[in-house]
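K.L.:
This is the structure, below, for whatever I ask next.
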Amino acid sequence: MASPLQSPDRFERPSVVTFLAGAIALAVVVHAFSAVGISPVRLMEGIPSIGRILGQMMPPDLTRLPQIGSALLETFQMALVGTTIGVALSLPMAILATRTLSPHPLAYHAARAVISFCRTVPDLVWALLFVIAVGLGPVAGTLAIAVDCVGFCGRFFAEAMEETDPGPREALTALGASRTGVVFSAVVPQAMPSFIATALFALEKATRSSVVLGLVGAGGVGIELKVAMDLFSYDLAATIILAVFALVVVVEQVGARLRARIL
Amino acid sequence: MAIALPLEATPTAAGDPAAVAALHDLTVQGLTKAFGARPVLRGVDLAVPRGQAVALIGANGAGKSTLLRCCLRLIEPDLGQVGLLGEGVTSLRRSGLRRLRARVGFVFQRHNLVGRSSALTNVLHGGQARHDGPLYWLQSLAPPAARTEAMRCLDRVGLADLALQRADRLSGGQSQRVAIARALMQRPELVMADEPVASLDPSAGEEVMDLFVQLIREEGLTLVFTSHNLEHALAYADRVVALKDGRIVLDAPSSALAARDLAFVYG
């Protein structure tokens, strides 16, 4: 009789290096919890305060609804214009940052570095810089969103173009098309669904960001929220938070439906 | 070795290069290419006179596709000379190479169409061989004369009624017809095809090959195509060139060959 077939181990035995790396990672996480001082006791102690604030938020104060609506519209406009500018700047930057399309390795590395820099600096920091440069108001917020969008869209546009089928590119190259012709005839049409999906994600992200940017004076409804919180007008703050929530939900729903149609 | 006919039976690239180039649309001398340590072409010599149809046959990895791509420098050769339509391909700079490529139609095995674009837009792309700028990127931007010419090319391959159909919704045979129309739109002087019907079923392959060769003959163009189908090689080419391990092992008129003479190429 044949010997019974032995099943393989369910899990591989980790190597010493893997085990040590896991232990170090766990230690780092535990230390981080300890450093930020988060504890169940403090959370329990905070619950009554949260309950008190929530109580003061009800019912929401609707007396300033027209002003809040106007600020909310400005917030959305900042997001829309910032995203539009950002997407327009992202496309040429992404072409340079695509290994197979970039005209020179220097251009490739430079474009990658610019995109990385735009992405790694938080949008709030960009907003602070633009407030200093162009003054308080929605222009600073719009520019901050545009730069942040270059970091986000530039990376994903480049990845989308790198993943396109090389066949049409080879065909256009073989028939003597210019480099620009190859990009816009063979690569961009293939990557277009991904471009649109990324741009819609960028708009959703920008809508959320533009609320926060107002806190540093870069326009939009954020400043209204800050004033309400500073004056302990939690009922007014509740109205603003609910209005922001409604705006973000609408933008996300419209974005999701558009993406579903395109993809 | 089972070479059916002596190599002298057909033109080669030997002799005075200028004299050879004057009579031939394609001359290849000592072409060598390796991918890493693996040699793919080992000193290939070939000359194709104007108006001739040549079939390149050989097993997978014999170097057929690499030879075609090296002729247009879609793959850079390591050594050797290529003369194409009277120009030295290997010495051309970027702009000169672009101008030369514009004169050569290339049909790929996998069609290489832009799937999300319409058949008409794909055909119109062939016009980029002669025109730079965005007018030839999309059919909706194209000048009326270019659209008319592209429609005529589609009509010649029998697909005028599918002009606005997205390329990724066409069948394999229809896609290859669009790729042929794109090559016609180039107004080429020579056409190369890399296993143009390998991805099609036998019936569609026959149909497309009939149409393809008929159009090439109507235009009086030189044709170099690769194929695994020996019947196609014998039926559609004036001359058969067999490659094995990166070397030419047979070069003979197709009229003097039978399929059994070619079997050794795949052995």
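Taken in sequence, the protein lines are chains G and Y.
Just so you know, we're using my numbering here: the first sequence kicks off at 75 and counts up by one.
Just so you know, we're using my numbering here: the second sequence kicks off at 343 and counts up by one.
We put the CB at the ideal spot given by N, CA and C, even for glycine.
If you're wondering where the values come from, they're calculated on a predicted model, not measured in any experiment.
Let me see if you follow: with CB-CB separation under 8 Å, is residue 165 of chain G close to chain Y or not?
P.N.:
False, the Cβ-Cβ gap to chain Y never drops below 8 Å.
K.L.:
Could you name the residues of chain G that residue 443 of chain Y contacts, counting a contact when the two beta carbons are closer than 9 Å?
P.N.:
Residues of chain G whose Cβ lies closer than 9 Å to the Cβ of residue 443 of chain Y are, in chain order, 247, 248, 249, 250 and 251.
K.L.:
Determine which residues share a DSSP beta bridge with residue 398 of chain Y and list them.
P.N.:
Y:568 and Y:583
K.L.:
Residue 508 of chain Y by DSSP, collapsed to three states: which one?
P.N.:
strand
K.L.:
To the nearest angstrom, report how far apart residue 347 of chain Y and residue 565 of chain Y are at their CA atoms.
P.N.:
Caution applies to residue 347 of chain Y, whose pLDDT of 43 falls short of 50 and renders its modelled position unreliable; the value that the coordinates give is listed next. Roughly 22 Å between the two C-alpha positions.
K.L.:
How about residue 623 of chain Y and residue 525 of chain Y: are their beta carbons less than 8 Å apart?
P.N.:
With chain Y covering only 343 through 609, there is no way to say anything about residue 623 of chain Y.
K.L.:
When you compare the CB of residue 244 of chain G with every CB in chain Y, is at least one pair closer than 8 Å?
P.N.:
yes
K.L.:
Does the segment 174-194 of chain G come close enough to the segment 309-322 of chain G that 3 or more CB-CB pairs lie under 8 Å?
P.N.:
no
K.L.:
Under a Cβ-count criterion, where at least 16 other Cβ atoms within 10 Å of its own Cβ denotes burial, should residue 343 of chain Y be classed as buried or exposed?
P.N.:
With a pLDDT of 40 at residue 343 of chain Y, under the threshold of 50, the modelled position of this residue cannot be trusted; read the value that follows with caution. It is exposed - the Cβ of residue 343 of chain Y has fewer than 16 other Cβ atoms within 10 Å.
K.L.:
Should residue 235 of chain G be flagged as near chain Y, meaning a C-beta pair shorter than 8 Å?
P.N.:
no
K.L.:
From which residue to which residue does the beta strand (DSSP E) around residue 590 of chain Y run?
P.N.:
589-595
K.L.:
Give the DSSP-derived three-state secondary structure of residue 347 of chain Y in the structure shown.
P.N.:
Unreliable positioning characterises residue 347 of chain Y in this predicted model, as indicated by a pLDDT of 43, which lies under 50. A coordinate reading is not provided.
K.L.:
Can at least three beta-carbon pairs, one atom from the segment 238-255 of chain G and one from the segment 466-476 of chain Y, be found at a separation below 8 Å?
P.N.:
yes
K.L.:
Find the nearest neighbour of residue 212 of chain G within the set G:79, G:147, G:304 and G:86, judged by alpha-carbon distance.
P.N.:
G:147
K.L.:
Which residues bound the alpha helix (DSSP H) around residue 290 of chain Y?
P.N.:
Since the displayed chain Y opens at 343 and closes at 609, residue 290 of chain Y lies outside it and no answer follows.
K.L.:
Residues of chain Y with CB closer than 8 Å to the CB of residue 264 of chain G, please, in chain order.
P.N.:
456, 457 and 458
K.L.:
Could you list the residues in the segment 406-425 of chain Y with a C-beta less than 9 Å from some C-beta on chain G, going in chain order?
P.N.:
Listed by position, the residues of the segment 406-425 of chain Y near chain G (Cβ gap below 9 Å) are 411, 414 and 416.
K.L.:
Going by beta-carbon coordinates alone, are residue 396 of chain Y and residue 555 of chain Y separated by less than 8 Å?
P.N.:
no
K.L.:
Give a yes or no on whether the C-beta atoms belonging to residue 580 of chain Y and residue 394 of chain Y are separated by under 8 Å.
P.N.:
yes
K.L.:
Return the first residue and the last residue of the beta strand (DSSP E) that residue 374 of chain Y is part of.
P.N.:
366-377
K.L.:
Within 8 Å, do at least three Cβ pairs link the segment 186-198 of chain G to the segment 222-229 of chain G?
P.N.:
yes
K.L.:
Going along the chain, which unbroken runs of the beta strand (DSSP E) with 3 or more residues stay wholly within the segment 504-556 of chain Y?
P.N.:
532-536
K.L.:
Using the Cα positions of residue 578 of chain Y and residue 517 of chain Y, report the straight-line distance between them to the nearest angstrom.
P.N.:
Spanning the two alpha carbons is a distance of roughly 21 Å.
K.L.:
Just the Cα atoms here: how many angstroms apart are residue 439 of chain Y and residue 545 of chain Y?
P.N.:
37 Å
K.L.:
List the residues that DSSP assigns as beta-bridge partners of residue 380 of chain Y.
P.N.:
Y:377
K.L.:
Quick check: is the beta carbon of residue 296 of chain G nearer than 8 Å to any beta carbon in chain Y?
P.N.:
Chain Y places no beta carbon closer than 8 Å to that of residue 296 of chain G, leaving this residue out of the contacts.
K.L.:
Pull up the distance between the alpha-carbon of residue 510 of chain Y and that of residue 155 of chain G, whole angstroms please.
P.N.:
34 Å
K.L.:
Whose Cβ in chain G lies nearer than 9 Å to the Cβ of residue 470 of chain Y?
P.N.:
246, 249, 250, 251, 252, 255, 256 and 259, listed in chain order.
K.L.:
Do the CB positions of residue 589 of chain Y and residue 384 of chain Y come within less than 8 Å of each other?
P.N.:
yes
K.L.:
Kindly give me the distance between the Cβ atoms of residue 276 of chain G and residue 161 of chain G, rounded to whole angstroms, as I take these residues to be in contact under 8 Å.
P.N.:
7 Å
K.L.:
Does any C-beta atom of chain Y lie closer than 8 Å to the C-beta of residue 288 of chain G?
P.N.:
No - not a single Cβ of chain Y is within 8 Å of the one on residue 288 of chain G.
K.L.:
With a threshold of 8 Å between beta carbons, is residue 377 of chain Y in contact with chain G?
P.N.:
no
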